[in-house]
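Peer 1: Structure in structure tokens, see below.
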Amino acid sequence: MAIKSTIFFIIFLYHISTAFSQVSDTPSKESISINEATILKETQQKQIDSLVKIQLNRQLLEAKGNQSKTKELEKKLATLAYNDSLRIISQSQEIANLKKHATPYPVVLNQDTLFNIFTRTGSFSARERAAGISKKVGILYQDAFFSPDSLQIRRLADNADIVYKDQEIILSVSALDGLWYGKTIDSLAQDYLHAIKSNVIREREEHSIVNWIKRIGLSLLIFASLIIIIRGINWLFAIFKKKIIQKSGKFTRGISLGSVNIVAAKDLELIFIKIINGIKLIITLLIIYLSLPLLFSVFPETEGWTGTLLNWVLGPLKIALAATANYLPNLFTIIVIFFLFRFTLKGIRYFFEEVKVGNIRIGGFHEDWSVPTFNILRFILYAFMLVIIFPYLPGSGSAAFQGVSVFLGILISLGSSSAITNIVAGLVITYMRPFKIGDRVKIGEVTGDVIEKTMLVTRVRTIKNEDITVPNSMVLSTNTVNFSSQGNPLGLIINYEVTVGYDVPWRDVYELLIAAALKTIHIESEPKPFVLQRNLNDFYVSYQINAYTHQASKQAAIYSNLLENIQDELNAAGIDLLSPSYNIIRKE
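If you're matching positions, the sequence shown starts at 184 in the working numbering and goes up one per residue.
Structure follows, in structure tokens:
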């Protein structure tokens, strides 16, 4: 009978506790509130089961020797243990679901977070609890006669209160709070008490008058140190400037790369001074920027800005260093590829230089082909090297990098059609060998000496010192006359026509024209000049004097001297020239 009455009493307590929990928990449609109520209900059920378990253990001791009674009681205890394990699993799942969606509400003191509140208590939501606790902790901080020892924990049946001077309740720790953190009520209350007590003491010490005086003095010290450092930097860089000005006379050659003068000597001093001024400005700004976090860390109100300012500099720097460290394997690969191709090009360059000077001979391969052939091979090898290196470049796989590559490819293909035509024509001209540097040529209407051949154009200098640039495509599409061709060892034949009357024997004219040619500068005596009769006109005969020369580039001077000698020889012989039109009336 006593057992039945005890069981009925426990069931009555269960229903009463359930009813009170339903009354205290405000009905809500939010799943978080429902889950919290479920967890509280299961916790209360656990407490009831604990009482039942105590009662059953007591009855088990009394039923020694009664096997049937003992088995029945052991079965009930096993059922309670099984239900307790299921309840623990259910509570863990409910807590896990709550943690996924719950919002933490911080308890703060002077912008510092003491701890977070996640659960509600009665009709107070987590937000309202956190705000109320923060307000009460703030009152403790402002209390001029605050006593840390007056903060104590008062343990009740279902919760624990943190009270101040046994009067003011700062906060209550419920079973749900303990379940949330996986701690007992007493353990969590001790953590909260320590957080409140230590933070209030620390904040009161930091905001004391003595500490404020110390902070102001430290700030003034930082300002004074900053001014001294900046003045020291200015003094140091002023010395550097003076040294550069004193040694400006040594900058006589400027900066050159091979034969290219990159920076003139007169501009080098100014460039150095500007570089020094830029470095000084960067160092000064950096020191000022780094002093700000130090200054902000002095005051508690601005201490949070310290990390922000440092992260603005250190954050990108860390990212850059990490990216550089991660890129090092690819960088080493690129370096190995580059030096491999570089050494290969050095070997090829040495081979073609030997071909150029004639130390190495290849059948059918002219020596003047060595340089353009090497340039072609170098271009092909560099292009191949870029293709190999491209996947190892930073960002090569990004859409932006690929888009820029496609855009540049389209620009090059659209804007280089004529350039490619000239390059192909330049290659054809190189291996056709219609002329070489220094040859006297006639390209279309342009006559002069070839002074430069490139992949795109050919430059010709006329006898009037006019430099004319002819595209290689035009050179390839027009007739080219080479007056200096070395294919004929006899040299170039220069010629000129004169007209003499029928009354002069042609043999005399031959002798006089040949004599005039032999007296002309740069005319070869062997092979001997010769004369051809070109035409028998109505009043005179056309004679053409032909002579050999190896100085094709001096044709203007040769022709001028030849005409002078022709006139001298014919005049000395009493023979008149009848060209272009001349009438002679002789008196017998």
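Backbone N, C-alpha and C fix where the C-beta goes; we use that ideal spot for every residue, glycine too.
In whole angstroms, give me the CA-to-CA distance for K636 and G580.
Peer 2: Taking the straight line joining both Cα atoms gives about 41 Å.
Peer 1: May I ask you to verify whether the region 734-745 touches the region 622-636, counting CB pairs closer than 8 Å and requiring at least 3?
Peer 2: yes
Peer 1: For L701, collect the residues of the same chain with a Cβ closer than 7 Å to its Cβ; drop the 5 residues on either side in sequence, then sort them by chain order.
Peer 2: S708, P712
Peer 1: May I ask you to list the residues that DSSP assigns as paired with A343?
Peer 2: R338, V356
Peer 1: With DSSP as the reference, identify every bridge partner of I728, one or two as the case may be.
Peer 2: Y679, V714
Peer 1: Excluding the 5 residues flanking N513 on each side, which residues of the same chain have their C-beta closer than 7 Å to its C-beta?
Peer 2: Once the five neighbours on either side are set aside, the close Cβ partners of N513 are Y575.
Peer 1: Can you confirm whether the region 288-306 touches the region 379-386 when touching is taken to mean that 3 or more C-beta pairs between the two stretches lie within less than 8 Å?
Peer 2: yes
Peer 1: In this structure, does DSSP put N720 in helix, strand or coil?
Peer 2: The answer is coil: DSSP assigns N720 none of H, G, I, E or B.
Peer 1: Let me know the secondary structure DSSP gives I646 once reduced to three states.
Peer 2: coil
Peer 1: Within 10 angstroms of the Cβ of H284, are there 16 or more other Cβ atoms? Answer buried if so, exposed if not.
Peer 2: So H284 ends up on the exposed side.
Peer 1: Count the other C-beta atoms from every protein chain shown that fall within 10 angstroms of the C-beta of W495, then say buried if there are 16 or more, exposed otherwise.
Peer 2: Burial call: exposed.
Peer 1: So, with DSSP's three-state summary, where would you put A202?
Peer 2: Note that A202 has pLDDT 43, beneath the 50 cutoff, so the model's placement of it is unreliable and no number is given.
Peer 1: What does the alpha-carbon distance come out to for the pair R312 and Y375?
Peer 2: Answer to the nearest angstrom: the Cα atoms are 14 Å apart.
Peer 1: Short of 6 Å in beta carbon distance, which residues of its chain neighbour A699, apart from the five on each side in sequence? Order them along the chain.
Peer 2: N748, I749, E752
Peer 1: Leaving out five residues on either side along the sequence, give the residues of the same chain with a beta carbon under 8 Å from the beta carbon of D650.
Peer 2: For D650, where only same-chain residues beyond five positions count, the Cβ hits under 8 Å are I634, R642, V643, R644.
Peer 1: Quick check: what's the CA-CA separation for G684 versus I612?
Peer 2: 48 Å
Peer 1: Assuming N748 is part of the beta strand (DSSP E), what are its boundary residues?
Peer 2: Counting along the chain, N748 falls outside any beta strand (DSSP E), though it belongs to the alpha helix (DSSP H) covering 738-755.
Peer 1: Should L675 go down as buried or exposed, given a rule of 16 or more other Cβ atoms within 10 Å for buried?
Peer 2: buried
Peer 1: If we ignore side chains and look at the alpha-carbon of each, how far apart do S214 and G578 end up?
Peer 2: For S214, the predicted model reports a pLDDT of 47, less than 50, meaning its position is unreliable and no value from the coordinates is stated.
Peer 1: DSSP on F307, reduced to helix/strand/coil?
Peer 2: strand
Peer 1: Starting from the Cα of R303, find the closest Cα among I352, T661, S333, L359 and give me that residue.
Peer 2: Answer by Cα proximity: L359.
Peer 1: Check for me: the alpha helix (DSSP H) holding D369 runs from which residue to which?
Peer 2: 368-389
Peer 1: Does E635 come out as helix, strand or coil in the three-state DSSP assignment?
Peer 2: Here E635 sits in strand by DSSP.
Peer 1: Rounded to whole angstroms, what is the Cα-Cα separation between V664 and N754?
Peer 2: 35 Å
Peer 1: Just confirm the distance between the C-beta atoms of I456 and I427, as a whole number of angstroms; I'd bet it's less than 8 Å.
Peer 2: 6 Å
Peer 1: With a cut-off of 8 Å on the beta carbons, I'd call T467 and I413 a contact; round off their distance for me.
Peer 2: Confirmed, about 6 Å.
Peer 1: Name the DSSP beta bridge partners of K625, please?
Peer 2: T630, V664
Peer 1: Quick one: which unbroken alpha helix (DSSP H) runs of 4-plus residues sit fully inside the region 476-556? Chain order, please.
Peer 2: 486-540
Peer 1: Take the Cβ of D632 as the centre, count every other Cβ of all protein chains shown within 10 Å, and call the residue buried at 16 or more, exposed below.
Peer 2: buried
Peer 1: Just to confirm my understanding: we take F584, look at its own chain, exclude 5 residues before and 5 after, and list those with CB closer than 6 Å. What are they?
Peer 2: G578
Peer 1: Please state whether DSSP places E709 in a helix, a strand or coil.
Peer 2: In the structure shown, E709 sits in coil (DSSP, three-state: anything other than H, G, I, E or B).
Peer 1: For a test of the three-state rule: what should DSSP assign to F618, helix, strand or coil?
Peer 2: coil
Peer 1: Considering only DSSP beta bridges, list what P289 is partnered with.
Peer 2: N299
Peer 1: Measure the CB-CB distance between L136 and Q727 and report whether it falls below 7 Å.
Peer 2: Given that the chain is displayed from residue 184 to residue 771, the structure contains no residue 136 and the question cannot be resolved.
Peer 1: Let me check you understand the geometry: is the CB of F482 closer than 6 Å to at least one non-hydrogen atom of the ligand HEM?
Peer 2: As presented, the structure is devoid of all ligands, the ligand HEM included, so that no description of it is given.
Peer 1: Compute the Euclidean distance between the alpha carbons of G757 and W552, then round it to the nearest angstrom.
Peer 2: 56 Å
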